[in-house]
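Numbering (the numbering used here), first residue to last: 5 to 341.
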């Protein structure tokens, strides 16, 4: 029996030869009785095998074979002769499903396991967004990442206070508690760098750190001084869902943010984003993690925005560099379970 965990092979073949092999294997799969080709229980009449061409050089390819389970990979390989086995790239990819973005209505519901983009808040706050998950030295397990003004009531909370999902504006009550406030960076009058807070999950509350639209983000966060203007970016937030935009300015100093009760705090070294069509964010999206579209690398932590000023007519959004948030609070970003 061949080890299905091995990516086969080292040999390459001309694209025309690979196409011939693909056609032979496709006919073999089509002619086989249902359930006799692979070991897994593929849905419907599908064989459970997908075939394609994987380029490895000029006019040189592998036959790409994608299967549901390890046993399927072994069975497919056993059906090939030695020469054919040296020309295929077999990978176990599991079930394939449509990658749909959640709607704002879905993000505002009580949802378990927790995923990025959901409504979350301190009991004294209306609602913000669960940006993602992190770890912190000295604290066991995963922590929820969002803003100070979402999880810590703009410095009005005390460590140990409950955190609700969904937030009170979306019907959250004490019965919807998912964790406790663990740490937050307090505001000063001027020169703030971050609006950030974290909460430790209660025992028994499950989370899916990789549950972003399109799958998990990269584990490597973009350094603050490497965030470039004009990069295409995305976010998923409680109010506007999954939106796309572009970075329009970096290292922005003196951003005055009007918090409740007329208090204004200014922030330095911030990232400015605008939507590609309309608004990139609206109230309630605070706390969202922003990532680069090109490589899904995390870039920023959304915390504020304006209603006007964007070239697409939807105002501008401001975010703390995520690398700065992690440094200030002593955190490590968690990309997947």
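Built from N, CA and C at the ideal position, the CB exists for glycine as well.
query	result
Neighbourhood of residue 223 by C-beta, 7 Å cutoff - its chain only, sequence neighbours within 5 removed	337 and 339
Beta-carbon proximity check, residue 104 vs residue 202, cutoff 9 Å	no
Local Cβ density within 10 Å of residue 66, reported as buried at 16 or more and exposed below that	buried
Residue burial classification, residue 97 (beta-carbon count within 10 angstroms, cutoff 16)	exposed
Assigned secondary structure, residue 153 (DSSP; H/G/I helix, E/B strand, else coil)	helix
Simplified DSSP assignment, three categories, for residue 74	helix
Length of the line joining the Cα atoms of residue 196 and residue 79	59 Å
Check whether residue 244 and residue 283 have beta carbons under 9 Å apart	yes
Reference residue 296, options 277, 307, 61 and 204, closest by Cα	277
Limits of the unbroken beta strand (DSSP E) element including residue 108	It is not in any beta strand (DSSP E) - residue 108 instead sits in the alpha helix (DSSP H) that spans 108-111.
Segment limits, alpha helix (DSSP H) that includes residue 20	19-35
Backbone CA spacing between residue 14 and residue 293 [nearest angstrom]	Summary for residue 14: the model assigns pLDDT 37, below 50, so the residue's position carries little reliability; its value from the coordinates is reported in the next sentence. Cα to Cα, the separation comes out at about 40 Å.
Other residues of its chain near residue 171: CB distance less than 7 Å, five sequence neighbours each side excluded	123, 124, 125, 129, 130, 131 and 132
Separation of residue 252 from residue 232, as counted between CA atoms	9 Å
Pairwise C-alpha distance: residue 71 and residue 55	9 Å
Buried/exposed call for residue 333, threshold 16 Cβ in 10 Å	buried
Pair within 9 Å by beta-carbon distance, residue 199 and residue 137	no
Proximity of residue 303 and residue 275 at Cβ, strictly below 9 Å	yes
Exposed unless 16 or more other CB atoms sit within 10 angstroms - verdict on residue 177	exposed
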